[in-house]
Amino acid sequence: MDLADLSWPAVAALPRDTPVVIPIAALEQHGHHLPVFTDSLLLGEVVRRAKESLGDQVLFAPLLWLGNSDHHLDFGGTLSAPPRTYLDLLAGLAENFVQQGFRRIVFLNGHGGNDVPGRQVVFELRQRHRQRRDLLFLLATYWNLGAKPWESDPTLHQREMGHACEWETSMILRIAPRLVGDTRAAPPVEPGNAFLPAARGWITPDRSAPGHIGWPHLATAEKGEHLFRAFSADAVSMLERVICWDGNSWEG
Ligand SMILES: [Zn+2]
C-alpha cells in the first residue's frame, strides 16, 4: 500500500510489524541517450510491480528521487545530496518511522551511488538503537538481490549492472521508449578492472567521456521486460522474507 494515499489514523492503525519500504533513487546524467530521471523511473517500475504482488502487507513511502550522485556532477543536469547530507537524510526518514513504532525498515535502492551511504545508514541506525532487539534495518539494491537474468535470456551481453547500459537502456525502452535517444551512436564502454579487488575512488570522467558504462547499443524493450520481471521478483522475495521475520532473530 502507498503511504501517500493514507490518512494519519489509517497509518496509526497499521500493525507495527508491517514492513516499511523507502525507495531511494537518483536524478543524474545517463549518457547522451537516456533521461536524467532514469534511476527513479526504473526503481518506480520495480516498486509498482512489487506493490501489485504484496498488496497491503507492505507500506511503501514515496520514492526519494534525490540521491548521492556527486561522482556525476561534471555532467549537466545532475542533482546530488552530498554523501554526509544523504546519510542524515536517510537516517532521519528511518527515524520518523521508528518514532511512530514501526520496526522493519527497508531502503529499496535503485542507484549505485546510494549503496555505500545506504549500508552506512543501516549500520548506524542499529548502533543508535542498540538497546532494542526488535528492529530490522535493511538496504536492498534491486539488481543485487540474486537475479542472473542472462541465464534465462542468453541474448543479454552484460553480466552486471553498468550505467545507461544495455540493462538500463532496455528497461527504459520497455516503459518510456520516447525518452530514449540514439543508442547506435553510443560506443561500448568496458567496466574495466580498476585495481580490483581493491575499492578505487572515482568520478565518472575517469571511466567514461560520454557518461555511460556498458553496451547501450545492445538494448531492446524485450530484454527490458525480462529484466523487470527478474528484478521485481527478487524485490518481492526479499520483502516476503521481511514479512516472515520472527521479530528478533539474526536469521532472515
Ligand atoms: Zn542508472
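For what it's worth, my numbering labels the leading residue of the sequence shown as 2, then goes sequentially. Even glycine gets a Cβ: it sits at the ideal position worked out from N, Cα and C.
Just reading off the alpha helix (DSSP H) that residue i is part of, what are its end residues?
i: I204; result: Element bounds for I204: n/a, residue is neither H nor E.
i: N97; result: P84 to Q100
i: L174; result: E167 to I176
i: T39; result: T39 to L55
How would you call residue i, buried or exposed, if buried means at least 16 neighbouring beta carbons within 10 angstroms?
i: S153; result: exposed
i: S8; result: exposed
i: A195; result: exposed
i: F38; result: buried
i: T86; result: exposed
i: T156; result: exposed
i: P118; result: buried
i: Q30; result: buried
i: D40; result: buried
i: E169; result: buried
i: S250; result: exposed
i: A199; result: exposed
i: E53; result: exposed
Taking C-beta to C-beta, are residue i and residue j nearer than 8 angstroms?
i: C166; j: I204; result: no
i: A231; j: A177; result: no
i: H1; j: T184; result: With the chain running from 2 to 253 in the structure shown, residue 1 is simply not present.
i: A82; j: L4; result: no
i: V12; j: L109; result: no
Hey, quick one: how far does the beta strand (DSSP E) through residue i stretch, first residue to last?
i: I214; result: From DSSP, I214 is part of no beta strand (DSSP E); its letter is neither H nor E.
i: F138; result: L137 to T142
i: L109; result: R105 to N110
i: P24; result: V21 to I25
Figure out for me which residue from the options has the closest Cα to the Cα of residue i.
i: Q101; options: D18, F124, T170 and H227; result: D18
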